[in-house]
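Engineer: Going by the working numbering, the first residue of the sequence shown is number 43, and it counts up by one from there.
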Amino acid sequence: MLKNTLLLICLTIVFSAQKPNEEGLKDLFTDSFYIGVAVNGQQVSGKVPEELALIERHFNSLSPENGLKWEKVHPEMDRYDFEFGDAYVALGEKLGAFTIGHCLVWHQQVPNWVFVDEAGRLLGKEALLSRMEDHIAQVAGRYKGKIDGWDVVNEAFNEDGSYRESNWYKVAGKDFIKAAFRKAHEVDPAAELYYNDYNVWKASKRAGILTLAKEMKAEGIQIDGIGMQGHYMLESPSLEQIEQGIIEIAEAGFQVMITELDVDVLPRPGNTQGADLNINFANSPKYNPFANGISPESAAKLSQRYTDLFQLFQKHKDKISRVTFWGLHDGRSWLNNFPVRSRTNYPLLIDRDLKVKEDVFAKLKAISKD
C-alpha cells in the first residue's frame, strides 16, 4: 500500500511539471484509435520519472510487457506476486488510460509446474483446465473493473493455421482456448477479451485464427477482437498483406488491434519473421551494423515505414481500436536481443536519449489531419 502511495506522489510531481500545451502522439489520433505502449517494472514503480513523463505525454493506453505473464505473477503453485500488477493498474488509473492485461494464457513464460502433477507426470485435461481457470480467476479477478481488456490467449497457432503443439494443446486440444475465454468472461463480464498473435498478416495463419474465433462466437463465447502483433521490418510484410488482415478480421465481426508495434531496422539471419522467442542467434558484426548509430539511409527508411503504416491505420480507423508500441524507447526494446542477441536497434518512435524522432512525428501529425 505504501509503495502505491509513493508511486502516486511521484506521478503527481512528474505530470504536474508537463507543459500544458505539449502535443503528444495520442493527441494526434484522439479521434481515430488509442495509442498504447508496453511498460515495464521500473516504469510502473516510479523509478524512472523521465520515462513516466513521456508515457503521460504520448500514450492513452497501457500494456504490461512482462509483469502479468504467468511466470512473473504466479511463479509457484500456491504463490502469487501482485507487486507489479498493483502498481501497473494504479498507473493506468492515474493516467485515465485504457488498460490492457497481457496475457492470461501463453505457451511461453509459464512455469513447468503448471502442466505436471507431484510426480512430474503431465496432467490430464480436467486437471489442467482447472489449474488454468484458477489462475484466471485469481489474476483477472484481482483487477476486475481496473483492466479494460485482456489478451486472454496468446500465440496458439502455427504459420499454416494449425494449432501450436504446446502443452496446453497436447492435453486439452483447442478446448483450452475456449475454456480460457469462458472463464475470463465469467470473472469480469465488463472486460473486453482478445486473441493475440504475430504474423496475422499471413493468410494461412489468419484463416486458422478466424475459423476458431467465429466458432467461439457461434457458441456464445465472448471474443471481442484479434490483436495483430506489429513486429514488422523495413520492407516486409507488405502494406497490402497487413491491410488484407485488417479487412478480413473486421468483416468477420471483430475489433482489430495493432499490438506490439515496432520496426526492426537490422538485418536478420535467414527468414526469421514475427516473434517466436525460440529463435535466437549469437551476436556478430554482420547483424549489428549500427552499433554506433543508425545510418541516415536507414533512419529515412524507418521514417517512411512508420508513415506508410500509419496512413494505412488511419485509412481503417473505423476498424482499428488501438495501436500499441512494444516498448517506450529504443533502449527498452526487446529487439536489441531478438532474433540476434546484444544488438543496437532503433525500432521505436523515441530514441535512447528519450527524444522523439521529430521527422517521424511530423509526418504522423500530417497523416492525422486526413
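We put the CB at the ideal spot given by N, CA and C, even for glycine.
Nothing here was measured: the structure is a model prediction, and the numbers come from that model.
#1: Which whole-angstrom value is the C-beta distance of L308 and P331, which I expect to be below 8 Å?
#2: Cα separation between I51 and S87?
#3: Could you confirm whether any beta carbon from chain C is found closer than 7 Å to the beta carbon of T253?
#4: Taking the DSSP output, what are the residues bridged to P106?
#5: Can you tell me whether DSSP reads S363 as helix, strand or coil?
#6: Would you kindly check if the distance between the Cβ of T301 and the Cβ of N200 is under 7 Å?
#7: DSSP three-state call for L303: helix, strand or coil?
#8: Could you tell me which whole alpha helix (DSSP H) segments of length 4 or greater appear in the region 198–231?
#9: DSSP three-state label for T72, please.
#10: Near P117, what residues of its chain come up, given a Cβ to Cβ distance below 7 Å and the 5 sequence neighbours on each side ignored?
#11: Between which two residues does the beta strand (DSSP E) holding M275 run?
#12: In angstroms with no decimal places, state the Cα-to-Cα distance between A249 and G203.
#13: Checking the sheet assignment: what are the DSSP bridge partners for F323?
#14: Output the distance between the C-alpha atoms of E175 and A80, rounded to the nearest integer angstrom.
#15: Quick check on this structure: which residue in S172, S105, E113, E168 has the alpha carbon closest to the alpha carbon of T141?
#16: Give me the Cβ distance between N82 and N108, rounded to the nearest whole Å; I'm assuming they're in contact under 8 Å.
#17: If we count the other Cβ atoms within 10 Å of its Cβ and call it buried at 16 or more, is K247 buried or exposed?
#18: When you compare the CB positions of G373 and R394, do they come within less than 7 Å of one another, or not?
#19: Go ahead and pull the three-state DSSP assignment for V181.
#20: Can you tell which of A226, S208, S172, Y348 has its C-alpha closest to the C-alpha of M119?
#21: For Q271, count neighbouring Cβ atoms within 10 angstroms of its own Cβ and tell me buried if that reaches 16, exposed if not.
#22: Between E135 and K212, which are expected to be in contact by the criterion C-beta below 8 Å, what is the C-beta distance as a whole number of angstroms?
#23: Using DSSP with H/G/I as helix, E/B as strand and the rest coil, what is L170?
#24: What is the DSSP secondary structure of E415, counted as helix, strand or coil?
#25: How far does the beta strand (DSSP E) with W192 in it extend, from its first residue to its last?
#26: Quick one: any contact between the region 331–350 and the region 379–391, if contact means 3 or more CB pairs under 8 Å?
#27: The ligand MG heavy atoms versus the CB of W192: any closer than 6 Å?
#28: Helix, strand or coil, according to DSSP, for D239 in the structure here?
#29: What does the alpha-carbon distance come out to for the pair I284 and W243?
#30: Put R121 into one of helix, strand or coil per three-state DSSP.
#31: Give me the residue from I178, A161, G138, Y185 with the minimum Cα distance to D128.
#32: Count the other C-beta atoms from every protein chain shown that fall within 10 angstroms of the C-beta of R163, then say buried if there are 16 or more, exposed otherwise.
#33: Around the Cβ of T253, are there at least 16 other Cβ atoms within 10 angstroms (buried) or fewer (exposed)?
#34: Rounded to whole angstroms, what's the CA-CA distance from G166 to P231? Just pull it up for me.
#35: Nearest CA to the CA of D304: which residue from D190, F367, Y236?
#36: Going by C-alpha distance, which of R383, D69, K114, S74 is nearest L354?
Structural biologist: In terms of the structure at hand:
#1: Position 266 of the sequence shown, counted from the first residue, corresponds to residue 308. Position 289 of the sequence shown, counted from the first residue, corresponds to residue 331. Yes, L308 and P331 are in contact; Cβ-Cβ is about 7 Å, under 8 Å.
#2: As a working mapping, residue 51 is identified with position 9 in the sequence shown. As a working mapping, residue 87 is identified with position 45 in the sequence shown. With a pLDDT of only 46 at I51, under 50, the local geometry of the prediction cannot be trusted, and the value read off the model is given with reservation. Taking the straight line from one Cα to the other gives about 11 Å.
#3: The structure shown contains no chain C, having only a single protein chain.
#4: Stepping through the sequence shown from its first residue, residue 106 is reached at position 64. For P106, which the question treats as bridged, DSSP gives the partners V81.
#5: As a working mapping, residue 363 is identified with position 321 in the sequence shown. Of the three classes helix, strand and coil, the one that applies to S363 here is strand, per DSSP.
#6: Locating residue 200 in the sequence shown gives position 158, where the first residue counts as 1. Locating residue 301 in the sequence shown gives position 259, where the first residue counts as 1. No, the pair does not count as a contact, with Cβ atoms beyond the cut-off.
#7: Along the sequence shown, read from residue 1 onward, the residue named residue 303 stands at position 261. In the structure shown, L303 sits in a strand (DSSP, three-state: E or B).
#8: 209–214, 217–229
#9: Taking the sequence shown and counting its residues from 1, one reaches residue 72 at position 30. T72: coil per DSSP, three-state reduction.
#10: Within the sequence shown, residue 117 is the residue found at index 75, counting from 1. The residues are D123, P153.
#11: Sequence index remark: in the sequence shown, residue 275 carries index 233 (1-based). Run containing M275: 267–275, per the beta strand (DSSP E) assignment.
#12: Within the sequence shown, the letter at position 207 stands for residue 249. Within the sequence shown, the letter at position 161 stands for residue 203. If you take the alpha carbons of A249 and G203, they lie about 6 Å apart.
#13: To locate residue 323, count along the sequence shown from 1; it is residue 281. DSSP output for F323 lists V382 as bridge partner(s).
#14: Within the sequence shown, the letter at position 133 stands for residue 175. Within the sequence shown, the letter at position 38 stands for residue 80. So the two alpha carbons sit approximately 25 Å from each other.
#15: The count along the sequence shown starts at 1 and reaches residue 141 at position 99. Checking every option, the nearest Cα to that of T141 belongs to S105.
#16: The residue you call residue 82 lines up with position 40 of the sequence shown. The residue you call residue 108 lines up with position 66 of the sequence shown. The Cβ separation is near 7 Å, so the contact holds.
#17: Reading the sequence shown from its first residue, position 205 is the one you call residue 247. When all chains shown are included, K247 counts as buried.
#18: Along the sequence shown, read from residue 1 onward, the residue named residue 373 stands at position 331. Along the sequence shown, read from residue 1 onward, the residue named residue 394 stands at position 352. In contact: G373 and R394 (Cβ atoms closer than 7 Å).
#19: Position 139 of the sequence shown, counting from 1, holds the residue named residue 181. Here V181 sits in helix by DSSP.
#20: Position 77 of the sequence shown, counted from the first residue, corresponds to residue 119. When each option's Cα is compared against that of M119, the closest is S172.
#21: The sequence position of residue 271 within the sequence shown is 229, counting from 1. Burial call: buried.
#22: Residue numbering aside, residue 135 sits at position 93 when the sequence shown is read from its first letter. Residue numbering aside, residue 212 sits at position 170 when the sequence shown is read from its first letter. Rounded, the Cβ-Cβ distance is 39 Å, inconsistent with contact.
#23: Taking the first residue of the sequence shown as 1, we reach residue 170 at position 128. It is helical.
#24: No statement about residue 415 is possible, as the shown extent of the chain runs from 43 to 412 and does not include it.
#25: As a position in the sequence shown, residue 192 is number 150, starting the count at 1. Looking at the DSSP string, the run of the beta strand (DSSP E) that includes W192 is 191–196.
#26: yes
#27: Ligands in the displayed structure: none, and consequently the ligand MG is not present.
#28: Indexing the sequence shown from 1 puts residue 239 at position 197. Three-state result, D239: strand.
#29: Residue 284 sits at position 242 when you count from the first residue of the sequence shown. Residue 243 sits at position 201 when you count from the first residue of the sequence shown. Those two C-alpha atoms are separated by around 5 Å.
#30: Position 79 of the sequence shown, counted from the start, is the residue given in the question as residue 121. Of the three classes helix, strand and coil, the one that applies to R121 here is strand, per DSSP.
#31: Within the sequence shown, numbered from 1, the residue matching residue 128 stands at position 86. Per the Cα distances, Y185.
#32: Residue mapping note: residue 163 aligns to position 121 of the sequence shown, counting from 1. By the 10 Å Cβ count, R163 comes out exposed.
#33: Counting from 1 along the sequence shown, the entry for residue 253 is found at position 211. Looking at its Cβ environment, which holds fewer than 16 other Cβ atoms inside 10 Å, T253 is exposed.
#34: In the sequence shown, residue 166 corresponds to position 124, counting from 1. In the sequence shown, residue 231 corresponds to position 189, counting from 1. Rounded to whole angstroms, G166 to P231 spans 28 Å at the Cα level.
#35: Along the sequence shown, read from residue 1 onward, the residue named residue 304 stands at position 262. For D304, the nearest C-alpha among the options comes from F367.
#36: Here residue 354 refers to the residue found at position 312 when the sequence shown is read from its first residue. The option with the nearest alpha carbon to L354 is S74.
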